[in-house]
Amino acid sequence: MDLSSFRSTVKVGDYSVWLFEEGVKPSRTVGLGCVANVAGIAYGKQARWNTNGSVTLIGGVGSADIVQCFSKIIPVPDGVEFV
């Protein structure tokens, strides 16, 4: 999946930022690990791929944060199927 970088306009906690309506979906929630950096701040953002296809950014973002995503390859976790 392609997670596009973005600038937040509001402060939110755990939030489903990417809402994929098409494509494969995992049979269980999958932890994606660190998928992005917040520009100008020395920390990364982790995410979850949910069974409805959405991707939730863990820990949220602040107003005006620029979230810069990067490519990552993860193995398919045991017991997870894609539908």
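First residue of the sequence shown? That's 4 in our numbering, and the numbers climb one at a time after it.
Even glycine gets a Cβ: it sits at the ideal position worked out from N, Cα and C.
According to DSSP, simplified to helix, strand and coil, what is residue 105? Residue numbering for the chain in the displayed model covers 4 to 86; residue 105 lies beyond these limits and cannot be assessed.
As assigned by DSSP and simplified to three states, the class of residue 61: In the three-state DSSP reduction, residue 61 falls in the strand class (E or B).
For the ligand GDP, is there any heavy atom lying closer than 7 Å to the beta carbon of residue 80? Looking for the ligand GDP in the displayed structure turns up nothing, as the structure carries no ligands at all.
Mapping the DSSP letters down to three states, classify residue 40 as helix, strand or coil. Judged by DSSP in its simplified three-state form, residue 40 adopts strand.
Out of curiosity, what's the CA-to-CA distance linking residue 26 and residue 11? Approximately 25 Å between the Cα atoms of the pair.
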